[in-house]
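Peer 1: Per numbering that gives the first Met the number 0, the sequence shown runs over residues 0 to 420.
Glycine is no exception: its CB is placed at the ideal position from the N, C-alpha and C atoms.
Computed from a prediction, not measured in an experiment: that's the story for all the values here.
The following block contains the structure, expressed as structure tokens.
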Amino acid sequence: MKQYIPRLLEATIEEKLDAKGCIVIEGPKWSGKSTTAKRFAKTVVELQKKKVLKDYQMFVDMDDENLFAGERPIMFDEWQKIPELWDYIRAEVDDTGARGQFILTGSAKPIEDKERHSGVGRIAKIKMRTMSLWESRDSTGSVSLAELFEGVNKISGRNEHTLNRLAFLVCRGGWPDIMYDKEKAALQASFDYLDVLLNEDITKVDNIVRDPKRAKTILKAYARNISTPARMTTIHGDVEPNDAVLDPKTLDSYITAFEKLFVIDEIEAWSPSLRSRTVIRTTNIRQLADPSIVTAVLEISPSDLISDIRTFGLIFETMAIRDLRTYAECLGGKVYQYHDANGLEADAIIHLNNGKWGAAEIKLGGDDNIEEAAKNLLKLKEKVNTDKMKEPAFLMIVTGTQNAYKRPDGVFVVPIGCLKN
0 MKQYIPRLLE ATIEEKLDAK GCIVIEGPKW SGKSTTAKRF AKTVVELQKK KVLKDYQMFV
60 DMDDENLFAG ERPIMFDEWQ KIPELWDYIR AEVDDTGARG QFILTGSAKP IEDKERHSGV
120 GRIAKIKMRT MSLWESRDST GSVSLAELFE GVNKISGRNE HTLNRLAFLV CRGGWPDIMY
180 DKEKAALQAS FDYLDVLLNE DITKVDNIVR DPKRAKTILK AYARNISTPA RMTTIHGDVE
240 PNDAVLDPKT LDSYITAFEK LFVIDEIEAW SPSLRSRTVI RTTNIRQLAD PSIVTAVLEI
300 SPSDLISDIR TFGLIFETMA IRDLRTYAEC LGGKVYQYHD ANGLEADAII HLNNGKWGAA
360 EIKLGGDDNI EEAAKNLLKL KEKVNTDKMK EPAFLMIVTG TQNAYKRPDG VFVVPIGCLK
420 N
């Protein structure tokens, strides 16, 4: 039996169970939702098992008291297979008023039902991502995002990752179950994930039959535009040479299915108060849930990344964004992106619920790239109207190859292999 690796989300789960009657842990398949949730549950109902699913569907249909039999918290794994559970649980939480009664886990959003209650006030949603480098023990954690927000003035940390190691980490991804596997086996995990995604999940998610070959072609076109604000017409154009009869509505259907499966995880635009009337671009940055999904669908190996540094940089950004999101969400924050009409951009704006924010650029390496990124961040700082919002708590360049230090201009340089929440 493989050793369990603790997850940063555990503290959030505990906190939400103390505050709400039910929590929902959702995220990509194989990201570790069920394994972590079982550590908090006293009764586990595994709806992915056919007999269990059949029995509990009958309990729901007959309004049978056995539906909630067992010591609480009761965990319903892959709860979306019986969407009616949601309203039954909401009603039970209302009736008892007790906290920490139910845990729902799901690797897909349930089929939409306009009559389903929102669950506001009773049910809290939590997003689980694939493992960050700090969780997988591939980061020293010498630089803390929380401490940057608290105003730490000095940082240090030695980068222990070569380009070859970073290329491996990108292609391996953050799948918890393979962290103790040998390199060859670990690299196979994303291809196994992709196979199940394209041949099974893409249809099961909403019971609409979809062609696995077309699904792969579309996901590949999306992956070729990773870490960019490419419009859907651009992605459609990338698909067309291989699928000339693809209707835009069909493309939308496949993209929506990937979103429901938590595969597509785009970054929304940040809208700060600015000193000038600069137009802010609102197009989302295209991102997938894990960098290894990108490399698997594009059939890219670690050695391929080394020979194509530009592509490496774009997919490295996917890994860095995954980690920043994981760390920010632990602090009660969210990651956005900034891009204005003058071409000024920031790859990540980490914004906390208390109004504090920091800006980050993501660069694989290179002194020239670091210099350009620092200039961009300082320009953004000058643009923000600090009469209406707080000054940035920090400006940071997340990199792959530098050691951690603070530049004379105040910008922090932090290797991804030194960062933690």
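(1) Can you check DSSP and say which residues form a bridge with residue 143?
(2) Checking 8 Å against the spacing of the C-beta atoms, do residue 162 and residue 400 come in under that value?
(3) If I'm right that residue 193 touches residue 319 with Cβ under 8 Å, what's the distance once you round it to whole angstroms?
(4) Assess, as a yes-or-no matter, whether the region 176–186 is touched by the region 352–372 under the definition of 3 or more beta carbon pairs within less than 8 Å.
(5) Throw me the rounded Cβ distance for the residue 46 and residue 81 pair, which I believe falls under 8 Å.
(6) So what's residue 361 in DSSP terms, helix, strand or just coil?
(7) Assuming residue 76 is part of the beta strand (DSSP E), what are its boundary residues?
(8) Does residue 190 pass the burial test, meaning 16 or more other C-beta atoms within 10 Å, or should it be called exposed?
(9) Enumerate, from N- to C-terminal direction, the unbroken alpha helix (DSSP H) stretches of 4 or more residues contained entirely within the region 268–326.
(10) Cutting at 8 Å between CB atoms, please list the residues of its own chain near residue 430, excluding the five before and the five after it.
(11) What's the gap between the Cα of residue 208 and the Cα of residue 299?
(12) Output needed for residue 36: all residues of its chain with C-beta closer than 6 Å, excluding positions within five of it in sequence on either side, in chain order.
(13) Leaving out the 5 sequence neighbours to the left and right, which residues in its chain are closer than 6 Å to residue 324 when beta-carbon positions are compared?
(14) Thinking C-alpha only, which one of 205, 420 and 240 is nearest residue 216?
(15) Rounded to a whole number of angstroms, what is the C-alpha to C-alpha distance between residue 328 and residue 226?
(16) Over the uninterrupted alpha helix (DSSP H) stretch that includes residue 166, give me the two end residues.
(17) Going by the CB atoms, is the gap between residue 107 and residue 245 shorter than 8 Å?
(18) Is residue 182 helix, strand or coil when you go by DSSP?
(19) Determine the direct distance from the alpha carbon of residue 54 to that of residue 350, and round the result to whole angstroms.
(20) By how many angstroms is the C-alpha of residue 274 removed from the C-alpha of residue 313?
(21) Leaving out five residues before and five after residue 287 in sequence, what residues of the same chain have Cβ atoms less than 8 Å from its Cβ?
(22) Would you report the Cα separation of residue 418 and residue 166, rounded to the nearest angstrom?
(23) Going by CA-CA distance only, name the one from 100, 203 and 61 that's closest to residue 69.
(24) Which residues does DSSP pair with residue 383 in a beta bridge?
(25) Specify the secondary structure class of residue 195 as computed by DSSP and reduced to three states.
(26) Alpha carbons only, please: which of 258, 230 and 331 is nearest the one belonging to residue 11?
(27) Could you name the residues of the same chain whose beta carbon sits closer than 6 Å to that of residue 34, not counting the 5 residues immediately before and after it, in chain order?
(28) With distances taken between CB atoms, is the gap from residue 132 to residue 396 smaller than 8 Å?
(29) Name, in chain order, the residues that DSSP records as bridge partners for residue 395.
(30) Whole alpha helix (DSSP H) runs in the region 196–274 with 4 or more residues, listed along the chain?
(31) In chain order, which continuous runs of the beta strand (DSSP E) of length 3 or greater are located wholly inside the region 30–98?
(32) Straight-line CA distance for residue 352 to residue 391?
(33) Classify residue 25 as helix, strand or coil using the three-state DSSP reduction.
(34) Please tell me whether residue 147 and residue 411 are closer than 8 Å, where the distance is taken between their beta carbons.
(35) Go ahead and label residue 291 buried or exposed: buried means 16 or more other beta carbons lie within 10 angstroms of its beta carbon, across all protein chains shown.
(36) Which residues mark the beginning and the end of the alpha helix (DSSP H) in which residue 104 is found?
Peer 2: By the coordinates alone:
(1) 419
(2) yes
(3) Actually they are not in contact, since the Cβ atoms of residue 193 and residue 319 sit about 22 Å apart, beyond 8 Å.
(4) no
(5) 6 Å
(6) strand
(7) 73–76
(8) exposed
(9) 290–296 and 301–306
(10) Here the chain has residues from 0 to 420 only, and residue 430 is not among them.
(11) 28 Å
(12) 24, 74, 102 and 104
(13) 334
(14) 240
(15) 20 Å
(16) 162–171
(17) no
(18) helix
(19) 44 Å
(20) 31 Å
(21) 221, 222, 225, 262, 263, 264, 293 and 317
(22) 18 Å
(23) 100
(24) 273
(25) helix
(26) 331
(27) none
(28) no
(29) 359 and 411
(30) 211–222, 231–238 and 247–259
(31) 42–45 and 73–76
(32) 14 Å
(33) strand
(34) yes
(35) buried
(36) Premise fails: residue 104 lies in the beta strand (DSSP E), 101–105, not in any alpha helix (DSSP H).
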